[in-house]
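Chemist: Take a look at this one; I'll ask things after.
Numbering (our numbering), first residue to last: 119 to 233.
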């Protein structure tokens, strides 16, 4: 999959199964927030992830298409939480402190969340 998407994008796609903010992705992969935002934009345009802005955070989660791509590569053992909004894998835990609505993913204090 790295040859298709590039190593960083393939790794990001695998990492957003339970949801990550832009700042979390930047920190986890040692890239700038702007670079993380560009990578997620490419994956989003390809229909592989969904990005939702919540206050100063942008939360990225994998779509069913992204899960299917990972399962084709890794087999059906891809770990995912219950779908939220019908097309997103999530862990079902809270993420952004100010997020309203149903329980989100995982709590974070992410000062570098961009785009």
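The C-beta atom is built at its ideal place from N, Cα and C for all residues, glycine as well.
Quick one: residues in its chain with C-beta nearer than 7 Å to the C-beta of residue 229, no 5 flanking neighbours on either side, listed in chain order?
Modeler: Confidence at residue 229 is low in this model, with a pLDDT of 42, below 50, so the placement of that residue should be treated as unreliable; the coordinate-derived value is given next. The residues are 141.
Chemist: Mind checking which residues open and close the beta strand (DSSP E) that includes residue 158?
Modeler: Note, residue 158: premise wrong, no beta strand (DSSP E); alpha helix (DSSP H) at 151-163.
Chemist: Find the nearest neighbour of residue 137 within the set 150, 190, 169, 179, judged by alpha-carbon distance.
Modeler: Closest option to residue 137, Cα to Cα, is 179.
Chemist: So residue 126 and residue 157 are supposed to be a Cβ contact under 8 Å. How far apart are they, rounded?
Modeler: 6 Å between Cβ atoms; contact.
Chemist: For residue 114 and residue 188, which I take to be in contact (beta-carbon distance under 8 Å), what is that distance rounded to the nearest angstrom?
Modeler: Nothing can be reported for residue 114: it is not among the residues displayed for the chain, which extend from 119 to 233.
Chemist: Whole angstroms are fine: how far does the CA of residue 184 sit from the CA of residue 170?
Modeler: About 16 Å.
Chemist: Report yes if the C-beta of residue 133 is less than 8 Å from at least one heavy atom of the ligand MN; otherwise report no.
Modeler: In terms of ligand content, the structure shown is empty, and the ligand MN therefore cannot be addressed.
Chemist: Do the CB positions of residue 134 and residue 155 come within less than 9 Å of each other?
Modeler: Contact flag unset, no.
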